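To keep things clear, I will list the structure first and then write my remarks on it.
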Amino acid sequence: MSGRAAIAHLKLSVPKAVVEIARKLEDAGFETWCVGGAVRDALLGLRRADWDLATAARPDRVRRLFRRTYPIGVEFGTVGVRGGDGVVYEVTSFRRDMATDGRRAVIEYADTIEEDLARRDFTINAIAYHPLRHELKDPFGGLRDLERRVLRAVGHPLTRFEEDYLRILRGLRFAGRFDMTIEPGTWTALRERVPRLVRLSGERVREELLKVVADPQPSRALNLYRGASALLVVYPEIQVPDEEWERLVAAVDAARRSRPFLRIVMLFTAVSSLDALEEMMRRLRFSNAESDRALTLKAAHAVDLPDPSDARAVRRWLGRVGTEAVRDTVRLHAASVRGRGGDIAAFARVARAALTTLRQRPPLTLAELAIDGDDLKEFGLQPGPQFAEILKDCLERVIDDPGMNTRERLLQYVSERWTGPRG
Ligand code: ATP
Ligand code: MG
Numbered sequence: 015m016s017g018r019a020a021i022a023h024l025k026l027s028v029p030k031a032v033v034e035i036a037r038k039l040e041d042a043g044f045e046t047w048c049v050g051g052a053v054r055d056a057l058l059g060l061r062r063a064d065w066d067l068a069t070a071a072r073p074d075r076v077r078r079l080f081r082r083t084y085p086i087g088v089e090f091g092t093v094g095v096r097g098g099d100g101v102v103y104e105v106t107s108f109r110r111d112m113a114t115d116g117r118r119a120v121i122e123y124a125d126t127i128e129e130d131l132a133r134r135d136f137t138i139n140a141i142a143y144h145p146l147r148h149e150l151k152d153p154f155g156g157l158r159d160l161e162r163r164v165l166r167a168v169g170h171p172l173t174r175f176e177e178d179y180l181r182i183l184r185g186l187r188f189a190g191r192f193d194m195t196i197e198p199g200t201w202t203a204l205r206e207r208v209p210r211l212v213r214l215s216g217e218r219v220r221e222e223l224l225k226v227v228a229d230p231q232p233s234r235a236l237n238l239y240r241g242a243s244a245l246l247v248v249y250p251e252i253q254v255p256d257e258e259w260e261r262l263v264a265a266v267d268a269a270r271r272s273r274p275f276l277r278i279v280m281l282f283t284a285v286s287s288l289d290a291l292e293e294m295m296r297r298l299r300f301s302n303a304e305s306d307r308a309l310t311l312k313a314a315h316a317v318d319l320p321d322p323s324d325a326r327a328v329r330r331w332l333g334r335v336g337t338e339a340v341r342d343t344v345r346l347h348a349a350s351v352r353g354r355g356g357d358i359a360a361f362a363r364v365a366r367a368a369l370t371t372l373r374q375r376p377p378l379t380l381a382e383l384a385i386d387g388d389d390l391k392e393f394g395l396q397p398g399p400q401f402a403e404i405l406k407d408c409l410e411r412v413i414d415d416p417g418m419n420t421r422e423r424l425l426q427y428v429s430e431r432w433t434g435p436r437g
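Residues 15 to 437 (my numbering) are what the sequence shown spells out, left to right.
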């Protein structure tokens, strides 16, 4: 390992339970360090709960040393150890990278923390902290890059991206999250390998997207996706002209962070068609339920908003959006309005009218209609495809005038409209 390794002394606030786990491993003779995102975030002054440890002990030793362990990813050297605080921490044996196919890094065990840090993707993620000696191991200058807000690959950037193309998306995400500049050599290599992103599995792309939208301000990473042309490769279905893009990502930011899926749907409202969206959800390995929800919401979001003073129009809108989807659709519209700097007060009137009407539970679906096919049969009509048409027509009438929703009035209407002189 390089002799330039910067070693700083500074005290990070590591949870006591993590220190205890490290002490037990060290007492048994195994060097143990805090690594990864928690160290990085602590150096940035951000708090987080998921402290990861890297240790010279192999998984079988780790499992024997602690009473409560969980085989989180033993094949990758990770054992979950339950700390004194009840939290399960990931303890991973030192590893080094092996040859890969760019889709997933293949690993083997290593003996030193230096080797373990060298396999990590970016300098800011390759800093280790010794929780007993309060020592920082930073062989790649990650601390300096953190201070200067520079995202830099560990080692030769092109090689590192070729080992695992996911690192391209991770890089864009970290640069967005921490508002970093991507170091020129890293940026050039990243851009050059963007076309290879097609080789990533849908699952990994989806998981990255979920992490992007978990950020307070996903627009920054999404702008980088677009700027690096990664958007075009991983989400070719999203084709938005520049002037709409800004609004779109502003709307993603404006959707609540606590509802990550809605943020994704917001982004996917820009997909050209429902068919394209369905295909995309399948490719990204979203569940059928998630796919259905995204399709429903995209369609609902596309329905023109009603004039809030027109009660019929409001009911018609509710009927077309569907009771189940109303609240999320309102949330999506609110985010779009904020994203384009639109008139929030005007939208709030629409939302209020819609939600107030929804609470009054006006009949909006065929199931809520006072008559069904049996009633039409009893009424003397011949069952057939026309039944559906008649019932839909009745529903329209009822949405226009909820007072119509009685058996008598509807059958009266059917006799006039459907069986009268023409029937
Ligand atoms: P987050 O805040 O998103 O969890 P993180 O840095 O903790 O960020 P993880 O995906 O949890 O990211 O990974 C933990 C650490 O493992 C990273 O900090 C990095 O050192 C290393 N790592 C993870 N994925 C890769 C990868 N694909 N290539 C190289 N190193 C990686
Ligand atoms: Mg993490």
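All C-beta atoms in this analysis are idealised placements derived from N, C-alpha and C, irrespective of residue type, glycine included. The structure displayed is predicted, hence computed values, not measured ones.
Coarse secondary structure for residue i, derived from DSSP in three states
{"i": "G355", "result": "coil"}
{"i": "D342", "result": "helix"}
{"i": "H315", "result": "helix"}
{"i": "I86", "result": "strand"}
{"i": "L378", "result": "coil"}
{"i": "E392", "result": "helix"}
{"i": "W432", "result": "coil"}
{"i": "D152", "result": "strand"}
{"i": "S287", "result": "coil"}
{"i": "W47", "result": "strand"}
{"i": "S27", "result": "coil"}
{"i": "S233", "result": "helix"}
{"i": "R184", "result": "helix"}
{"i": "L383", "result": "coil"}
{"i": "G333", "result": "helix"}
{"i": "G417", "result": "helix"}
{"i": "Y103", "result": "strand"}
{"i": "E422", "result": "helix"}
Residue i CB to nearest heavy atom of the ligand SAM below 7 Å
{"i": "I141", "result": "For the ligand SAM, the structure offers nothing, since it holds only the ligand ATP and the ligand MG."}
Short Cβ contact (8 Å threshold) for residue i with residue j
{"i": "R207", "j": "E177", "result": "no"}
{"i": "R271", "j": "A327", "result": "no"}
{"i": "T202", "j": "R166", "result": "no"}
{"i": "A211", "j": "I182", "result": "It is worth fixing the name first, because residue 211 is Leu in this sequence and not Ala. Going by C-beta atoms, L211 is nearer than 8 Å to I182."}
{"i": "A71", "j": "L146", "result": "no"}
{"i": "V364", "j": "P322", "result": "yes"}
{"i": "E89", "j": "R110", "result": "no"}
{"i": "R277", "j": "V266", "result": "yes"}
{"i": "N419", "j": "L369", "result": "no"}
{"i": "G216", "j": "L298", "result": "yes"}
{"i": "G394", "j": "A268", "result": "no"}
{"i": "K38", "j": "L79", "result": "yes"}
{"i": "L180", "j": "R234", "result": "no"}
{"i": "V93", "j": "P73", "result": "yes"}
Inter-residue spacing [alpha-carbon to alpha-carbon] between residue i and residue j
{"i": "Q400", "j": "Q374", "result": "31 Å"}
{"i": "A124", "j": "E221", "result": "28 Å"}
{"i": "E34", "j": "G98", "result": "8 Å"}
{"i": "R411", "j": "D324", "result": "16 Å"}
{"i": "A31", "j": "P250", "result": "45 Å"}
{"i": "D306", "j": "T283", "result": "14 Å"}
{"i": "F275", "j": "R345", "result": "12 Å"}
{"i": "G17", "j": "A142", "result": "Low confidence applies to G17: its pLDDT is 38, below 50, so where it sits in the model is not reliable enough to give any reading."}
{"i": "T106", "j": "V49", "result": "10 Å"}
{"i": "F361", "j": "A348", "result": "7 Å"}
{"i": "P85", "j": "R158", "result": "36 Å"}
{"i": "W65", "j": "E197", "result": "27 Å"}
{"i": "A339", "j": "L332", "result": "9 Å"}
{"i": "V53", "j": "Q253", "result": "38 Å"}
{"i": "R436", "j": "S429", "result": "Bear in mind that a pLDDT of 48 at R436, under 50, signals an unreliable position, so the number given afterwards is only what the model happens to contain. Approximately 10 Å between the Cα atoms of the pair."}
{"i": "R81", "j": "G91", "result": "18 Å"}
Close-in-space but distant-in-sequence residues of the same chain around residue i (CB under 8 Å, 5 per side omitted)
{"i": "L288", "result": "L309, K312, A313"}
{"i": "D357", "result": "V351"}
{"i": "V335", "result": "A314, V317, T343"}
Spatial neighbours of residue i in its chain, beta-carbon cut-off 6 Å, leaving aside the 5 residues before and after
{"i": "L172", "result": "A203"}
{"i": "L319", "result": "V364"}
{"i": "S27", "result": "none"}
Own chain residues within Cβ distance below 7 Å of residue i, not counting five before or after
{"i": "G199", "result": "P171"}
{"i": "E292", "result": "S305, L309"}
{"i": "K391", "result": "P397"}
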